[in-house]
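First up is the structure itself, then whatever we jot down about it.
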Amino acid sequence: MASKVSIHKDVEYQDIAKVYGKALENWLNTGVLPDRFGNEGQWEDNARLCGSFVYKLHIRLPSEPPWKKSKAQIDRTSNIYLVYTRHWMDYDNIQIISIMAPDAHEKAKTSFMAELERRAEEFQNS
(Lines of atoms letter the chains of each structure in order from A and count residues from 1; the text may use other names and numbers.)
(Lines give C-alpha, C1' and ligand atoms only; values in the text may rest on other atoms or scores of the structure.)
Protein backbone atom coordinates (compact mmCIF):
# COMPACT_ATOMS: atom_id res chain seq x y z
CA MET A 1 0.00 0.00 0.00
CA ALA A 2 1.22 3.50 -0.81
CA SER A 3 2.16 5.93 1.92
CA LYS A 4 -0.09 8.97 2.37
CA VAL A 5 1.13 12.10 4.17
CA SER A 6 -1.08 14.74 5.81
CA ILE A 7 -0.18 17.93 7.69
CA HIS A 8 -1.27 18.64 11.27
CA LYS A 9 -3.27 21.88 11.56
CA ASP A 10 -0.81 23.37 14.09
CA VAL A 11 2.40 22.77 12.11
CA GLU A 12 4.78 25.69 11.91
CA TYR A 13 5.70 26.84 8.39
CA GLN A 14 2.57 25.39 6.74
CA ASP A 15 3.69 26.24 3.18
CA ILE A 16 7.01 24.43 3.63
CA ALA A 17 5.25 21.51 5.33
CA LYS A 18 2.95 21.08 2.32
CA VAL A 19 5.86 20.97 -0.13
CA TYR A 20 7.92 18.67 2.09
CA GLY A 21 4.89 16.49 2.76
CA LYS A 22 4.66 15.73 -0.95
CA ALA A 23 8.42 15.10 -1.05
CA LEU A 24 8.17 12.76 1.96
CA GLU A 25 5.30 10.87 0.36
CA ASN A 26 7.26 10.54 -2.89
CA TRP A 27 10.40 9.33 -1.06
CA LEU A 28 8.48 6.71 0.91
CA ASN A 29 6.69 5.47 -2.21
CA THR A 30 9.65 5.48 -4.63
CA GLY A 31 12.77 5.19 -2.48
CA VAL A 32 14.31 8.24 -4.17
CA LEU A 33 15.78 10.43 -1.41
CA PRO A 34 15.24 14.18 -1.94
CA ASP A 35 18.38 16.31 -1.80
CA ARG A 36 16.89 18.32 1.09
CA PHE A 37 16.26 15.29 3.34
CA GLY A 38 18.92 14.02 5.70
CA ASN A 39 19.43 11.68 8.61
CA GLU A 40 16.28 10.13 10.06
CA GLY A 41 15.63 8.73 13.52
CA GLN A 42 13.62 8.90 16.72
CA TRP A 43 14.17 10.44 20.13
CA GLU A 44 15.37 7.19 21.69
CA ASP A 45 15.60 8.83 25.12
CA ASN A 46 11.90 9.77 25.03
CA ALA A 47 9.75 6.66 25.47
CA ARG A 48 6.48 8.53 24.96
CA LEU A 49 7.52 9.90 21.57
CA CYS A 50 8.85 6.50 20.51
CA GLY A 51 5.59 4.93 21.67
CA SER A 52 3.69 7.46 19.57
CA PHE A 53 5.74 6.48 16.49
CA VAL A 54 7.31 9.95 16.18
CA TYR A 55 10.29 10.40 13.85
CA LYS A 56 12.60 13.32 13.09
CA LEU A 57 14.14 13.96 9.72
CA HIS A 58 16.99 16.45 9.35
CA ILE A 59 16.14 18.81 6.51
CA ARG A 60 17.42 21.78 4.61
CA LEU A 61 14.93 24.60 4.04
CA PRO A 62 14.16 25.86 0.51
CA SER A 63 16.31 28.95 1.20
CA GLU A 64 19.36 26.75 1.90
CA PRO A 65 21.51 24.87 -0.61
CA PRO A 66 20.61 21.17 -0.93
CA TRP A 67 22.96 18.41 0.12
CA LYS A 68 25.11 16.88 -2.59
CA LYS A 69 23.63 13.67 -3.97
CA SER A 70 26.91 11.92 -3.13
CA LYS A 71 26.56 12.70 0.61
CA ALA A 72 25.20 9.67 2.48
CA GLN A 73 21.85 10.18 4.22
CA ILE A 74 23.32 9.32 7.63
CA ASP A 75 25.87 12.14 7.19
CA ARG A 76 23.25 14.75 6.29
CA THR A 77 22.57 16.61 9.53
CA SER A 78 21.16 20.04 10.28
CA ASN A 79 19.59 22.03 13.09
CA ILE A 80 16.15 21.83 11.46
CA TYR A 81 13.81 18.84 11.77
CA LEU A 82 10.75 17.71 9.91
CA VAL A 83 8.85 15.75 12.58
CA TYR A 84 6.27 13.17 11.60
CA THR A 85 4.31 10.31 13.08
CA ARG A 86 3.05 7.04 11.63
CA HIS A 87 -0.40 5.81 12.62
CA TRP A 88 -0.19 2.80 14.94
CA MET A 89 -2.92 0.93 13.03
CA ASP A 90 -1.84 1.97 9.52
CA TYR A 91 1.94 2.35 9.09
CA ASP A 92 1.48 4.03 5.70
CA ASN A 93 -0.75 6.75 7.17
CA ILE A 94 1.67 9.53 8.13
CA GLN A 95 1.24 13.02 9.48
CA ILE A 96 3.78 15.84 9.67
CA ILE A 97 3.43 17.31 13.16
CA SER A 98 6.19 19.94 13.14
CA ILE A 99 8.88 21.77 11.24
CA MET A 100 11.27 22.48 14.11
CA ALA A 101 13.19 25.56 12.96
CA PRO A 102 15.40 27.20 13.79
CA ASP A 103 17.43 25.60 16.56
CA ALA A 104 15.79 22.16 16.57
CA HIS A 105 18.42 20.65 18.85
CA GLU A 106 17.76 23.30 21.47
CA LYS A 107 13.95 23.02 21.14
CA ALA A 108 14.27 19.27 21.67
CA LYS A 109 15.40 20.03 25.23
CA THR A 110 12.29 22.09 26.08
CA SER A 111 8.63 21.64 26.88
CA PHE A 112 7.95 21.75 23.12
CA MET A 113 8.40 17.98 23.17
CA ALA A 114 5.12 17.73 25.11
CA GLU A 115 3.45 19.61 22.26
CA LEU A 116 4.85 17.10 19.77
CA GLU A 117 3.46 14.31 21.92
CA ARG A 118 0.04 16.01 22.02
CA ARG A 119 -0.04 16.40 18.23
CA ALA A 120 1.07 12.80 17.71
CA GLU A 121 -1.53 11.43 20.12
CA GLU A 122 -4.23 13.51 18.44
CA PHE A 123 -3.31 11.81 15.16
CA GLN A 124 -3.05 8.35 16.74
CA ASN A 125 -6.56 8.74 18.18
CA SER A 126 -8.08 9.78 14.84
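Every number in the numbering used here is 3 more than the matching position in the sequence shown, counting from 1.
Even glycine gets a Cβ: it sits at the ideal position worked out from N, Cα and C.
If you're wondering where the values come from, they're calculated on a predicted model, not measured in any experiment.
If you follow the alpha helix (DSSP H) that residue i is part of, which residue opens it and which one closes it?
i: residue 56; result: First-last for residue 56: undefined, no H or E at that position.
i: residue 35; result: Unbroken run through residue 35: none, as it is neither H nor E.
i: residue 121; result: 115 to 127
i: residue 110; result: 107 to 110
Using the Cα positions of residue i and residue j, report the straight-line distance between them to the nearest angstrom.
i: residue 100; j: residue 85; result: 8 Å
i: residue 87; j: residue 121; result: 12 Å
i: residue 74; j: residue 41; result: 9 Å
i: residue 90; j: residue 56; result: 7 Å
i: residue 102; j: residue 83; result: 7 Å
Nearest chain B C-beta to residue i closer than 8 Å, yes or no?
i: residue 80; result: This model lacks chain B altogether, as it is built from one protein chain only.
Identify which residue in the options has its Cα closest to the Cα of residue i.
i: residue 44; options: 22, 107, 61; result: 61
i: residue 81; options: 72, 124, 31, 67; result: 67
i: residue 4; options: 28, 24, 124, 22; result: 28
i: residue 92; options: 36, 128, 32; result: 128
Below 8 Å on the Cβ atoms is my contact criterion, and I expect residue i with residue j to pass it. Report the Cβ-Cβ distance as a whole number of Å.
i: residue 95; j: residue 6; result: 4 Å
i: residue 107; j: residue 46; result: Not confirmed; about 11 Å, so no contact.
i: residue 194; j: residue 69; result: Nothing about residue 194 can be read from this structure; the chain reaches only from 4 to 129.
Which residues mark the beginning and the end of the beta strand (DSSP E) in which residue i is found?
i: residue 80; result: Looking at the DSSP string, residue 80 is not in any beta strand (DSSP E), and its letter there is neither H nor E.
i: residue 101; result: 93 to 103
Validate contact between the region 16 to 24 and the region 43 to 53 using beta carbons, cut 8 Å, 3 pairs: no
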